[in-house]
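Heads up: the structure comes next, in structure tokens.
4 protein chains.
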Amino acid sequence: MLPPSPVARYRVLYGDTDQMGFLYYANHFRLFEIGRAEWIRARGLSYRDLEAAGTLLPVVEAQARYRAPARYDDIVVIAAAPAEYGWATVKFQYVLTHEGDGRVLCEGYTLHAFMSRNGRPQRIPQEVLALFEQQV
Amino acid sequence: MLPPSPVARYRVLYGDTDQMGFLYYANHFRLFEIGRAEWIRARGLSYRDLEAAGTLLPVVEAQARYRAPARYDDIVVIAAAPAEYGWATVKFQYVLTHEGDGRVLCEGYTLHAFMSRNGRPQRIPQEVLALFEQQV
Amino acid sequence: MLPPSPVARYRVLYGDTDQMGFLYYANHFRLFEIGRAEWIRARGLSYRDLEAAGTLLPVVEAQARYRAPARYDDIVVIAAAPAEYGWATVKFQYVLTHEGDGRVLCEGYTLHAFMSRNGRPQRIPQEVLALFEQQV
Amino acid sequence: MLPPSPVARYRVLYGDTDQMGFLYYANHFRLFEIGRAEWIRARGLSYRDLEAAGTLLPVVEAQARYRAPARYDDIVVIAAAPAEYGWATVKFQYVLTHEGDGRVLCEGYTLHAFMSRNGRPQRIPQEVLALFEQQV
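Chains as they are written, first to last, in the numbering used here: chain A, 1 to 136; chain B, 137 to 272; chain C, 273 to 408; chain D, 409 to 544.
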């Protein structure tokens with residue numbers, strides 16, 4: 001499938017940093033959230049609408065590898081793309097880079113289950129599947 | 137009414153601090169949340185149960201005055217108490233102090249509306265009113 | 273002085289909401305932070321540079337009044353402006369509105385002290401004062 | 409090495425949840441932070457003191473697998489332990505369980521580098537190494 005491509009920019013807040021002066025490690029997963037939401041939005045759907053239509057996408061697994069620190073006021077470029085999918089799951093991949101110098105700051109993935117509102121696994125909706133199938 | 141009294145302790149996380157090395161200003165309001173929840177719990181009710189029974193308590197106004205910084209790993213003593221109430225509102229007051237040296241770190245309040253699940257103002261439930269009336 | 277004018281837009285993350293489905297009350301203060309940083313940046317300075325040059329702007333007091341909830345994926349328009357200043361303090365004012373329908377979601381302020389790196393009060397730097405003086 | 413054992417309890421805040429009503433996925437990493445800090449503290453050291461003495465422990469990699477959701481006001485039992493270590497790295501493992509019913513909510517790890525204040529890799533301090541060597 002296609003590698004992650006830039007979908008959003010995020011400027012690091014004071015409140016995102018920790019006393020090391022770096023973007024706190026857990027907060028990178030907030031940027032991953034932006035990444036997958038904007039990847040979907042760029043293709044004409046929105047996660048909000050999916051949820052309103054009864055499809056939830058809880059995270060089953062998440063991982064990040066930290067390459068270099070992001071600092072206060074840095075602009076982080078968020079690249080995202082689905083990496084693989086099954087009948088009821090999808091794995092998104094992310095690369096965060098520093099806008100100023102292009103350094104890779106963080107790479108990671110999130111694995112999601114498609115779930116109905118009552119908590120049961122659910123086949124990927126056709127309109128979403130179509131998006132994934134275009135990614136080859 | 138009675139002044140705020142200690143209801144909880146909170147140890148400042150790395151992720152709570154910012155690059156100044158202090159508890160980020162917005163995060164003090166998380167400690168206020170702990171304060172009002174524990175004040176209620178200490179009196180035999182729980183906010184979770186109130187909500188499950190249909191009473192929501194959204195914040196209408198919030199204020200904090202920062203006296204001294206809380207640092208990483210510091211233990212903050214959270215004192216809370218209702219300061220005043222109307223037929224459908226309550227104001228909680230908070231004082232955060234440093235456990236080690238007793239310094240006041242932050243004071244503030246939150247004003248809440250009692251609301252039903254459909255978003256309409258709602259009279260204070262009798263069991264909650266009884267708690268407030270004991271505070272004189 | 274001039275009233276707050278739009279300086280930034282912020283899309284509400286899943287991670288910003290709470291189980292009521294609303295932007296958590298403490299997180300509005302993160303948007304206030306964006307507001308004052310972008311107000312300064314729009315005038316050719318940056319808070320990062322101020323800090324690097326030895327001027328810190330810790331928050332002394334903060335208040336928010338919540339008018340209407342911001343929901344997941346909503347775009348919030350952040351308006352900000354200095355409201356008043358003394359020789360070593362400045363008060364910023366904020367108005368958050370819903371981009372879709374223009375409703376006011378939240379209003380508030382933050383009061384800041386100008387402080388040197390060693391923690392002592394410090395006169396407003398001349399270049400910053402010049403910005404405030406243009407706001408009449 | 410010894411498996412993770414309980415080192416702390418954490419009550420889920422309103423502000424930790426998202427609109428699904430669950431502890432937001434990124435926030436589990438905050439609980440992991442509590443886990444490793446308390447594991448160290450239970451053995452007579454503190455991460456704060458390590459840092460003050462010049463040893464930093466930035467996160468190099470982090471992973472979580474989510475088994476079941478933690479909800480508002482739930483008490484989460486945090487179990488932690490070092491899983492393996494090299495001359496300048498340590499991997500901590502975590503298990504989060506629901507205090508009420510004992511269900512596993514989340515498992516994960518964080519990989520850390522020992523680093524000096526100037527950013528260079530650093531051998532594990534002797535006093536920390538001693539703690540790890542007791543874990544067999």
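Just so you know, even glycine gets a beta-carbon here, dropped at the ideal spot from N, CA and C.
Problem - DSSP three-state assignment for Phe-301(C), whether helix, strand or coil - result: helix
ask   = Between the segment 459–485 of chain D and chain A, which residues of the former have CB atoms less than 8 Å from a CB of the latter, in chain order?
value = Within the segment 459–485 of chain D, the qualifying residues are Leu-464, Pro-466, Val-467, Val-468, Glu-469, Ala-470, Gln-471, Ala-472, Arg-473, Tyr-474, Pro-477.
Reducing DSSP to helix, strand and coil, say where Leu-2(A) ends up. coil
Consider the Cβ of Tyr-297(C): report whether some Cβ of chain B lies at a distance smaller than 8 Å.
yes
Could you check where the alpha helix (DSSP H) with Ala-48(A) kicks off and where it finishes?
-> The residue asked about is misnamed: residue 48(A) is Arg in this sequence, not Ala. Segment 47–52, the alpha helix (DSSP H) holding Arg-48(A).
Could you give the residue range of the alpha helix (DSSP H) that holds Phe-228(B)? Membership of Phe-228(B) in any alpha helix (DSSP H) is not indicated; the residue belongs instead to the beta strand (DSSP E) covering 225–234.
- Could you spell out the range, first to last residue, of the alpha helix (DSSP H) harbouring Val-128(A)? 126–133
Of all the options Gly-171(B), Gly-255(B), Gly-190(B), Leu-159(B), which has the alpha carbon lying nearest to the alpha carbon of Val-148(B)? Leu-159(B)
* Asked: Do we get a CB-CB distance below 8 Å when we pair Met-1(A) with the residues of chain F?
  -> In the structure shown, chain F does not exist; the protein chains are A, B, C and D.
- Message: For a cutoff of 8 Å on Cβ pairs, would you count Gly-244(B) as touching chain A?
- Response: no
**Q.** Boundaries of the beta strand (DSSP E) in which Thr-17(A) is found, first to last residue
**A.** That residue, Thr-17(A), is in no beta strand (DSSP E); it is neither H nor E in DSSP.
**Prompt:** Using the C-alpha atoms, what's the distance from Pro-82(A) back to Phe-228(B)?
**Reply:** 46 Å
In angstroms, rounded to a whole number, what distance separates the CA positions of Leu-167(B) and Arg-117(A)? 32 Å
Option nearest Tyr-344(C) by Cα separation, candidates Leu-410(D), His-506(D), Ile-486(D), Thr-425(D):
Thr-425(D)
Return the CA-CA distance between Leu-50(A) and Leu-56(A), expressed in angstroms with no decimal places.
7 Å
inquiry  = Short of 7 Å Cβ to Cβ, which residues in the segment 8–21 of chain A face chain B?
reply    = Per Cβ criterion, the list reads Tyr-14, Gly-15, Thr-17, Asp-18, Gln-19, Gly-21.
**Asked** Can the beta-carbon of Ala-215(B) be found closer than 8 Å to that of Tyr-230(B)?
**Response** Contact flag set, yes.
Requested in this report: Report yes or no: is there a C-beta of chain B within less than 8 Å of the C-beta of Phe-364(C)?
Outcome: no
Quiz item: Where does Arg-283(C) sit, in a helix, a strand or coil, going by DSSP?
Solution: strand
(message) According to DSSP, Ala-200(B) sits in a beta bridge with which residue or residues?
(response) Gly-244(B), Ala-334(C)
Item to check | Anticipated Cβ contact below 8 Å, Ala-472(D) with Leu-513(D), distance rounded | outcome: About 10 Å separates the two Cβ atoms, so there is no contact after all.
Can you give me the C-alpha to C-alpha distance between Ala-309(C) and Ile-396(C), rounded to a whole angstrom? 16 Å
So, is the C-beta of Arg-30(A) closer than 8 Å to a C-beta in chain D?
yes
field: Proximity to Glu-269(B) [Cα-Cα], best of Met-156(B), Gly-222(B), Ile-211(B)
entry: Gly-222(B)
Using a Cβ-Cβ cutoff of less than 7 Å, which residues in the same chain neighbour Ile-34(A) once the five nearest sequence positions on both sides are dropped? Ala-8, Tyr-10, Ile-78
_Presumed contact (8 Å Cβ cut-off) between Tyr-433(D) and Phe-29(A), rounded CB distance_ = Their Cβ separation, rounded to whole angstroms, is 6 Å, which keeps Tyr-433(D) and Phe-29(A) in contact under 8 Å.
Exposure label - Asp-482(D); buried when at least 16 CB within 10 Å: When all chains shown are included, Asp-482(D) counts as buried.
- Message: My output table needs one value for Arg-117(A): the three-state DSSP class, helix, strand or coil.
- Response: The DSSP-derived three-state label of Arg-117(A) is coil.
_Taking 8 Å as the threshold (beta carbon to beta carbon), is Arg-456(D) in contact with chain B?_
yes
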